[in-house]
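To start, the structure under review is shown below, and the notes come after it.
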Amino acid sequence: MADREHKGLVARWLEGKERDEEYARSTLPTNRWSLFWDILKGRFGRLMLVNLLMLITFLPAIAVIVWRYLWLWSEGIMAPFAGGLGAGVSAVPPDQLVGVAQLMVLQADLMFFGLLIPCFAVAAIGISGGAYIIRNLIWTEGIFVANDFARGIKRNYWNVLEAMLIFGFVLFLVRTMANLAELFIAQNLASRGWMIASETFGYILIVFILLVTIWMISLGISYKQGPWALFRNAVVMTVGTIPQTVFFAALAGLPIILALFGGSFFAVIGIVVLALFGFSYTFLVWMDFCQWAFDKFVNPNFGIATGRGLYNKESGKMQGKDEEEDSESEAMREYRRMIVAQGKSYLVARPIKPIDDDIELYQLPESFSREDLQKLRESKEIMTEDAKAYEEEHKNDEQYVEYNREFEERERAIRDETEGNGKKKPVKKPKMLNKRK
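If you're matching positions, the sequence shown starts at 7 in my numbering and goes up one per residue.
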């Protein structure tokens, strides 16, 4: 083996350490934290595009939230809470104002939180497509944003819809019960202590259901499961990883928390972040954490490779690429099929002699004879033989050997992927967290 070339200081400065092979390996992500930063820095443009697609589907829910805020603000101005309303208008007796504010909020929330349920169904479209793309980024797969977004909707919408509807109905019930508790307290219709306790329990329940919901989304996108199994497994993962779940849910939802509860200054920051990349950031943090949890608690029990998307320093290879697993995105496989279907490019697969020598084709004069035609034929034969000799001499060059090898591997992979009837072989999906038979 030849000794490694020793380069001078100036040469190393000019080339930069990025050209060094060891440096390139050292920049590959070896844990989930480094993978998160690698995707955030290297795929930021795609994250913004995915965020835009998701933001469009969240617009109805955002509109309802803004509408509710403006409604309550305007009703608060016009309602006679201050007693006297000016000259010529009699003051409203205080005993007639008891519970008016609480009743107004109850009636408004019955409408607005009811409207949020179909809005969540619309938002499920963006979540199913966007989270699917982010999962593929975490798996370090090649993606096509538009194609994979549509494919994610097709594959994951019903699982995500189930999660969003559960959260929407629980949110509606908890908010209604909390408003009723506030109304009963104001009108002294029930024990204040019991009402506060029930209201507190409702808020704890909605936080728990929120955690279960985001687990349902990640499980539904990563594994094939039925509706009941999806909910049950999400509850198991929430309870089993409650400290980590709470921490990473809060970290992932930081832009949403700022936008809703950050006050005037931080709310503006949260809204700007959400508009640019906040939704993508939220699902990137959460899906990255979920892959860590799957590698630790789920995949080893079902023989699924762990560490997908991470670089193994010992083996020098990326982890988690199982031959039996559906390891590439469907869009990338379709792209490879298209390349194979178009056939091998003979301009790339074999050497072509460049026109850089003194061999020239005989030019026929304006009036030519049989002898001129013979010279033209001989010159063509000479050029053909010379091209064949060049092709024979360079056919084993690395660029041609590598291209032909890759094309044959693609042909073999496509052939193995399909059966005789042209249909894709069924891939067995594990039943998450079920007991083995």
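Built from N, CA and C at the ideal position, the CB exists for glycine as well.
The model shown is predicted, which means the values in this text are computed figures rather than measured ones.
Fully enclosed alpha helix (DSSP H) runs of no fewer than 4 residues occupy 233–246, 248–258, 260–267 and 269–279 of the stretch 221–282, in order along the chain. In the DSSP assignment, Leu186 falls within the alpha helix (DSSP H) that extends over Val151 to Ala192. In the DSSP assignment, Ser286 falls within the alpha helix (DSSP H) that extends over Phe285 to Phe303.
Judged by beta-carbon spacing, Leu59 lies within the 8 Å limit of Phe155, meaning their Cβ atoms are closer than that value. Here Ala395 carries a helix assignment [DSSP, helix/strand/coil]. Taking C-beta atoms as the reference points, Ile220 and Ala255 count as a pair closer than 8 Å. Following the DSSP letters along the chain, one finds Ile131 inside the alpha helix (DSSP H) bounded by residues Val106 to Ile144. Put simply, the backbone Cα of Phe126 is about 21 Å away from that of Met54. Distances from the CA of Asn185 to each of Phe175, Ile172 and Ile202 were compared; the closest alpha carbon is that of Ile202. With at least 16 other beta carbons inside 10 angstroms of its own, Pro261 counts as buried. Contact between Val180 and Ile159 fails: their C-beta atoms lie close to 29 Å from each other, not under 8 Å.
With fewer than 16 neighbouring CB atoms inside 10 Å of its own CB, Ile358 falls in the exposed class. With a cutoff of 8 Å on beta-carbon distance, Met293 and Ile140 are scored as near each other. Where Leu34 is concerned, there is no enclosing alpha helix (DSSP H), because DSSP gives it neither an H nor an E. Annotated three-state conformation of Asn57 is helix, per DSSP. Closest in C-alpha terms to Phe300, from the list Asp392, Leu367, Val106 and Ser224, comes Ser224. Excluding residues up to 5 positions away in sequence, Leu367 and Tyr368 lie with their Cβ nearer than 6 Å to the Cβ of Ser385 in the same chain. It is roughly 42 Å from the alpha-carbon of Gln380 to the alpha-carbon of Glu414.
A distance below 8 Å between beta-carbons, with the five flanking residues on each side excluded, links Leu46 to the following residues of its chain, in chain order: Leu53, Tyr287 and Leu290.
Around the CB of Gly48, fewer than 16 other CB atoms lie within 10 Å, so the residue is classed as exposed.
When the alpha-carbon of Leu236 is set against those of Trp39, Arg198, Asn37 and Trp164, the nearest one is in Trp164. Separation of Thr312 and Val128 (C-alpha to C-alpha, rounded to the nearest whole angstrom) is 33 Å. Taking all protein chains shown into account, Asn142 has 16 or more neighbouring C-beta atoms within 10 Å of its C-beta and is therefore buried. CA-to-CA, the gap between Gln297 and Phe308 works out to about 15 Å. Here DSSP, grouped into helix, strand and coil, assigns Ala67 to helix. Cβ-Cβ separation between Thr182 and Asp115: approximately 7 Å, consistent with a contact (criterion under 8 Å). For Arg198, the three-state secondary structure derived from DSSP is helix. A direct Cα-to-Cα measurement between Ala395 and Glu377 gives close to 27 Å.
For Thr312, the three-state secondary structure derived from DSSP is coil. When the beta-carbon positions are compared, Val70 and Leu122 come within less than 8 Å of each other. In this structure Gln231 is buried. Its beta-carbon is surrounded by 16 or more other beta-carbon atoms within 10 angstroms. Annotation for Leu41: Pro35, Ile144, Asp294, Gly315 and Leu316 place their beta carbon closer than 7 Å to its own, counting only its chain and skipping 5 residues before and after. Only residues of its own chain outside the window of five on either side were considered, and among them Leu217 have a CB closer than 8 Å to the CB of Val252, listed in chain order. Between Val166 and Ala137, the alpha-carbon positions lie close to 10 Å from each other. Shown here, Ile365 sits in coil according to DSSP, grouped into three states, outside any helix or strand.
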